[in-house]
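Heads up: the sequence shown begins at 1 in UniProt numbering, then just goes up one per residue. Where a beta carbon is used, it is the ideal one built from N, C-alpha and C, also for glycine. All values reported here derive from a predicted model rather than from experimental measurement. Report on one structure; see the data block that follows.
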Amino acid sequence: MIGIRSGGPADAPLMLAMLDAAVAWLAANGRTGQWGTEPWSGDPRKVERIEGIARDEEIWVATVDGRPAGAMAVAPHPTPYIEPAGEPELYITLLVTDRAFAGQGVGTALIAKAKDEARAKGVSLLRVDCYGGDDGRLVEYYRRNGFEPVAEFTVGDWPGRLLAQRVEPREG
1 MIGIRSGGPA DAPLMLAMLD AAVAWLAANG RTGQWGTEPW SGDPRKVERI EGIARDEEIW
61 VATVDGRPAG AMAVAPHPTP YIEPAGEPEL YITLLVTDRA FAGQGVGTAL IAKAKDEARA
121 KGVSLLRVDC YGGDDGRLVE YYRRNGFEPV AEFTVGDWPG RLLAQRVEPR EG
């Protein structure tokens, strides 16, 4: 059973550990284009970024049998390299799962939580951006979770994809 709890600044080390493990897994599978080969925890700028996200954004931590299995950050605005939508939105600024729980629906549960949060806030637009290179598997993952690609972009030489979905407002 996947549980989801509210998180915060104290979860930054957990988020960094999951990112480090994801980088190691991606690199071991020849997929270095997304996040490179070096652990996030070894780069002071990335550590500062995650600490800032954990401090300033809404954090949700997924658990399986009480063990942290994934983390997500959402904000009412996109990351700095994406233009605002021009309407109220909820933006997934970080989604990472522990590879030990791969295939167990952790990311999907966190995305469902983001949809619930958008509804609770009366927001009908949910957006996310992701790595758009290699074989496009990450873009397809988000498509399976209800998002549709709306734009391609680059940050330096990093190819990205912006995706969006409409969220129906809560009844009543």
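Across the structure, TRP25 and ALA17 are spaced so that their CA atoms are roughly 12 Å apart.
Under the three-state reduction of DSSP, GLY70 is assigned to strand. With 16 or more other Cβ atoms from the protein chains shown falling within 10 Å of its own Cβ, MET15 counts as buried. When C-beta atoms of the segment 28-41 are compared with those of the segment 51-67, fewer than three pairs fall below 8 Å, so the two segments do not count as touching. Contact between the segment 104-114 and the segment 149-164 is absent: fewer than three C-beta pairs spanning the two stretches fall below 8 Å. Contact between the segment 126-139 and the segment 156-163 is established, with three or more Cβ pairs separated by less than 8 Å. Separation of LEU19 and ALA10 (C-alpha to C-alpha, rounded to the nearest whole angstrom) is 16 Å. In the DSSP assignment, the residues bridged to LEU94 are ALA73. Going by beta carbons, ALA71 and LEU94 fall inside the 9 Å limit.
For GLY160, the three-state secondary structure derived from DSSP is strand. Counted as a single uninterrupted DSSP element, the stretch harbouring THR37 is not any beta strand (DSSP E), since DSSP gives it neither H nor E.
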